[in-house]
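**Q**
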Amino acid sequence: MPRIFAHLLSLLGASLATPWLAWQERKLLHEGSPLQKDLLTWAAKQGIQNPEKIRTLQTHPLPLPAPMFLRRWLDSRRLPCLHLAGLSIRHGIYLAPDLSDEEAIIQHELIHTRQYQEAGSLFSFLRRYLYQCLTEGYHHCQMEREARGEH
Ligand SMILES: [Zn+2]
């Protein structure tokens, strides 16, 4: 995709989705549970600020700010939008129920939490994330590689 289109689409997508992210983060902070002690320690070691603020909440299906037809289309374009195990919305993390590798999923999402903190705002994170997905692909982009512990 030409970079100018990726810039415009990520700007548009982040503008449209930021109010939704803010609303979902508030809901997660209100309804979620704090991290277990070992994950709090792990998060602090990763340089995540205020890990005691973070809340996780199990839900099914994981919400996204897009109608199902768009989620299916994005999923078919290799941006996972259907069978998500986790979703970080800065200090709130959605988790699918009954995960066999829940701790590893939370650790992955916590690295996205750190990326939100580094980006400085929900909007800046999402614009950067969408731009990388559009130009490098979801799987290969730097922010996903970092979350998987690859450098
Ligand atoms: Zn990820």
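Count along the sequence shown starting at 1, add 1, and that's the number in my numbering.
Ideal placement from N, C-alpha and C gives every residue a C-beta, glycine not left out.
#1: Quickly, what does DSSP pair S89 with across the bridge? List them, please.
#2: Tell me which residues share the same chain as L41 and place their Cβ nearer than 7 Å to its Cβ, disregarding the 5 neighbours each side in the sequence.
#3: Does DSSP put E3 in a helix, in a strand, or in coil?
#4: Is E32 buried or exposed, if buried means 16 or more other CB atoms sit within 10 Å of its CB?
#5: Let me confirm a value: I90 is counted as buried when at least 16 other C-beta atoms fall within 10 Å, else exposed. Which label applies?
#6: Give the DSSP bridge partners of P35, in chain order.
#7: Measuring CA to CA, which of D99, I107, A23 and E145 is closest to D39?
#8: Please report the distance separating the alpha-carbon of A86 from that of D102.
#9: Quick one: does the C-beta of E145 sit closer than 7 Å to a heavy atom of ligand 1?
#10: Taking its Cβ as the centre, do 16 or more other Cβ atoms sit within 10 Å of A148, making it buried, or is it exposed?
**A** The answer reads as follows:
#1: I94
#2: P52 and E53
#3: Checking the displayed sequence, the identity of residue 3 turns out to be Pro instead of Glu. In the structure shown, the three-state DSSP call for P3 is coil.
#4: exposed
#5: buried
#6: R56
#7: I107
#8: 10 Å
#9: yes
#10: buried
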